[in-house]
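Numbering (the numbering used here), first residue to last: 13 to 757.
C-beta: ideal position from N, C-alpha, C; glycine also.
A quick write-up on the structure given underneath.
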């Protein structure tokens with residue numbers, strides 16, 4: 013057994029000092045550790061499974077000590093290994109080079125598509141357009157409208173409604189939130205699409221293939237009449253004269269160069285401006301955006317205003333201005349504001365706001381006059397969209413050269429609008445910032461702003477002044493375009509004065525302390541409604557540009573709502589006829605009109621609250637009337653022997669300036685105890701039993717009745733729990749109202 017511990021192979025070669033049996037047993041557990049040295053060991057060390065310690069290139073330490081020949085088994089040389097690794101590196105390098113070439117080819121293809129005409133499939137593929145979509149919806153113009161601002165500023169029509177609702181909350185009337193029923197989609201989240209005529213074309217490529225030059229020229233003439241006549245930043249007539257060439261390029265993918273011998277080559281910007289002008293014409297004629305107009309706008313939106321563009325050109329600013337106006341007519345006010353802001357910054361980049369850079373960059377008179385008009389149109393639209401959204405301007409007046417040329421005398425309406433935009437800048441500076449302790453404009457600022465507004469109205473040329481229907485001067489035969497421009501300027505003057513004076517209606521105490529000013533702003537609001545009603549009754553001007561005129565209508569309605577909410581015994585009866593006329597105007601719009609849908613959205617949450625308000629009115633007697641109600645009764649205006657009676661019987665600005673005659677009423681205006689109140693049978697059955705306040709558009713007749721019920725409920729002479737203090741209109745209270753009202757304009 014002892015002899016078995018020594019291997020016969022090891023006996024003749026190794027002495028006892030190298031492989032003692034005890035050492036062999038002791039090292040047995042470490043064999044797996046020594047195994048890692050065997051691949052680089054010599055043959056003798058491998059046999060003994062010992063560590064091989066090389067001394068030089070040809071021998072190791074053990075073989076030299078034992079006098080043995082040190083030999084290594086043949087294996088792959090270092091050169092062979094290096095060669096194999098080099099081959100792998102070359103293969104990988106070739107793969108990387110191939111991938112880089114493919115990426116370069118892809119980038120070149122994308123650049124070619126961007127620089128070329130962005131068309132869809134040719135005619136051979138149009139038959140399969142039903143199976144595969146040709147357009148990718150961008151996030152900004154998909155079905156969901158853009159998010160509205162987080163607050164309702166004082167320049168938005170919804171501001172008066174927010175303040176009125178807050179008053180109802182302070183009176184203890186709870187808020188009623190009615191979420192949409194399961195499976196129903198609120199119309200406030202996604203507008204109902206307009207009905208599509210049978211056989212209508214919705215695919216853009218198919219439209220251009222079947223469209224005739226005469227049809228393109230007709231839609232461009234719609235843009236000229238409705239847009240260019242107001243904002244002359246582009247020559248649509250010149251574009252319309254080349255409609256056939258543009259159509260030819262778009263249909264046949266002709267190169268955008270002089271190959272055809274054209275005197276004026278068709279550029280990519282010409283095609284994009286044609287698309288937006290045609291899309292705007294379709295929106296104006298269809299009273300809202302369609303699938304076709306959306307497809308045209310999206311194909312252009314993807315191409316314009318790239319941040320990495322090497323330079324800016326005038327045509328890009330013109331295109332952005334057109335796109336902004338298109339969004340406005342599509343009821344996308346925030347997108348209009350964003351787009352005109354980009355155009356304004358590009359105008360600054362081109363130096364259009366400085367006289368010297370304007371003269372240096374535009375040598376000839378014609379291009380310089382066009383660049384001047386482009387800048388001032390952007391300036392005016394920047395003010396308009398900012399007031400509509402209560403968001404800041406992109407152009408600061410202090411950055412504009414005071415010696416910058418203004419529009420020529422041939423563009424008198426634009427010159428008036430430049431003065432109006434400057435007036436808006438002064439008004440914006442005077443309005444208290446959002447969240448300030450006081451929402452009132454200082455008295456000296458009020459007088460200065462009103463004087464500036466009066467001066468601006470006086471500066472309007474005689475041919476652009478409104479022939480007021482109340483005075484019988486509105487001739488039936490006046491040109492349609494001229495009548496529209498006159499109405500717009502007159503309504504802008506009224507709206508500016510409303511913005512100056514509406515803070516006097518923010519509370520009952522403010523109304524009583526400034527009753528003449530309160531009457532002035534209410535009279536101006538009623539005057540705006542009267543002009544709008546007459547305009548809609550005698551022309552199609554209102555119906556073709558509802559968004560432009562809805563702004564004035566909703567502002568006036570908000571003023572009336574605010575005045576009746578805070579001082580019902582003063583303003584209810586005198587404002588009744590005007591309110592009824594405005595409701596009839598809303599009722600006259602189509603079922604899918606944006607103004608009807610949004611107005612219903614704004615009042616649907618008020619109806620159940622106002623029912624509670626009516627109940628409180630009937631149950632509360634003298635002790636709850638309070639001091640404010642008594643003062644209101646004492647100051648109700650009277651003309652003749654009756655209270656109110658319509659706008660003709662109310663104090664005018666002139667009579668208020670000389671002092672009006674008011675007399676004390678002997679009884680408060682309350683519902684008789686035995687009479688059927690407005691909130692009894694019909695209100696209970698129509699509004700409260702029907703709990704579908706989910707946002708669907710109601711029947712127009714029922715909507716009219718609900719609006720009048722709302723008005724009557726406010727006019728029943730409610731009591732107020734004292735004054736609300738300076739922090740009554742804190743920003744934190746607007747959240748619940750904003751969710752319902754922020755889409756109003």
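CA-to-CA distance, residue j to residue i, given in whole angstroms
{"i": "residue 529", "j": "residue 571", "result": "13 Å"}
{"i": "residue 648", "j": "residue 585", "result": "Legend: pLDDT at residue 648 = 37, less than 50; position of this residue unreliable, no value from coordinates given."}
{"i": "residue 3", "j": "residue 100", "result": "Residue numbering for the chain in the displayed model covers 13 to 757; residue 3 lies beyond these limits and cannot be assessed."}
{"i": "residue 403", "j": "residue 349", "result": "8 Å"}
{"i": "residue 536", "j": "residue 409", "result": "29 Å"}
{"i": "residue 492", "j": "residue 323", "result": "41 Å"}
{"i": "residue 476", "j": "residue 505", "result": "13 Å"}
{"i": "residue 9", "j": "residue 239", "result": "Only positions 13 to 757 of the chain appear in the structure, and residue 9 is not among them; the question remains open."}
{"i": "residue 75", "j": "residue 52", "result": "14 Å"}
{"i": "residue 68", "j": "residue 103", "result": "36 Å"}
{"i": "residue 112", "j": "residue 241", "result": "53 Å"}
{"i": "residue 576", "j": "residue 582", "result": "8 Å"}
{"i": "residue 8", "j": "residue 548", "result": "This structure cannot settle anything about residue 8, because the visible part of the chain is limited to 13 through 757."}
{"i": "residue 454", "j": "residue 560", "result": "30 Å"}
{"i": "residue 378", "j": "residue 368", "result": "17 Å"}
{"i": "residue 224", "j": "residue 328", "result": "26 Å"}
{"i": "residue 495", "j": "residue 449", "result": "42 Å"}
{"i": "residue 120", "j": "residue 313", "result": "21 Å"}
{"i": "residue 588", "j": "residue 543", "result": "16 Å"}
{"i": "residue 77", "j": "residue 66", "result": "12 Å"}
Residue j beta carbon less than 9 Å from that of residue i
{"i": "residue 471", "j": "residue 510", "result": "no"}
{"i": "residue 411", "j": "residue 360", "result": "yes"}
{"i": "residue 347", "j": "residue 384", "result": "no"}
{"i": "residue 219", "j": "residue 280", "result": "no"}
{"i": "residue 490", "j": "residue 341", "result": "no"}
{"i": "residue 430", "j": "residue 445", "result": "no"}
{"i": "residue 499", "j": "residue 545", "result": "no"}
{"i": "residue 252", "j": "residue 236", "result": "yes"}
{"i": "residue 578", "j": "residue 527", "result": "no"}
{"i": "residue 413", "j": "residue 366", "result": "yes"}
{"i": "residue 246", "j": "residue 330", "result": "yes"}
{"i": "residue 258", "j": "residue 338", "result": "no"}
{"i": "residue 425", "j": "residue 497", "result": "yes"}
{"i": "residue 386", "j": "residue 326", "result": "yes"}
{"i": "residue 374", "j": "residue 440", "result": "no"}
{"i": "residue 421", "j": "residue 442", "result": "no"}
{"i": "residue 254", "j": "residue 234", "result": "no"}
Inter-residue CB distance, residue i and residue j (contact presumed, cutoff 8 Å)
{"i": "residue 243", "j": "residue 389", "result": "4 Å"}
{"i": "residue 290", "j": "residue 308", "result": "7 Å"}
{"i": "residue 9", "j": "residue 370", "result": "In the structure as shown, the chain begins at 13 and stops at 757. Residue 9 is therefore absent and cannot be evaluated."}
{"i": "residue 564", "j": "residue 507", "result": "6 Å"}
{"i": "residue 231", "j": "residue 293", "result": "4 Å"}
{"i": "residue 552", "j": "residue 512", "result": "Not confirmed; about 32 Å, so no contact."}
{"i": "residue 357", "j": "residue 406", "result": "6 Å"}
{"i": "residue 55", "j": "residue 84", "result": "7 Å"}
{"i": "residue 311", "j": "residue 216", "result": "7 Å"}
Assigned exposure category for residue i - 16 Cβ within 10 Å defines buried
{"i": "residue 580", "result": "buried"}
{"i": "residue 625", "result": "Note that residue 625 scores a pLDDT of 39, beneath 50, so its modelled location is shaky; the value from the coordinates is reported in the next line. By the neighbour-count rule (16 or more Cβ atoms within 10 Å), residue 625 is buried."}
{"i": "residue 264", "result": "exposed"}
{"i": "residue 301", "result": "buried"}
{"i": "residue 519", "result": "buried"}
{"i": "residue 619", "result": "Confidence at residue 619 is low in this model, with a pLDDT of 49, below 50, so its placement is unreliable and the value that follows should be read with caution. Result: buried."}
{"i": "residue 81", "result": "exposed"}
{"i": "residue 320", "result": "exposed"}
{"i": "residue 515", "result": "buried"}
{"i": "residue 343", "result": "buried"}
{"i": "residue 451", "result": "buried"}
{"i": "residue 79", "result": "exposed"}
{"i": "residue 115", "result": "exposed"}
{"i": "residue 466", "result": "exposed"}
{"i": "residue 210", "result": "Confidence in residue 210 is poor, its pLDDT being 40 and thus under 50, which makes the residue's placement unreliable; the coordinate value appears in the next sentence. Under this definition residue 210 is an exposed residue."}
{"i": "residue 345", "result": "buried"}
Pairing CB atoms from the segment 280–299 with CB atoms from the segment 332–349, are three or more of them under 8 Å?
-> yes
Stretch pair the segment 383–394 + the segment 352–364: three plus CB contacts closer than 8 Å = yes
Validate contact between the segment 469–484 and the segment 519–536 using beta carbons, cut 8 Å, 3 pairs = no
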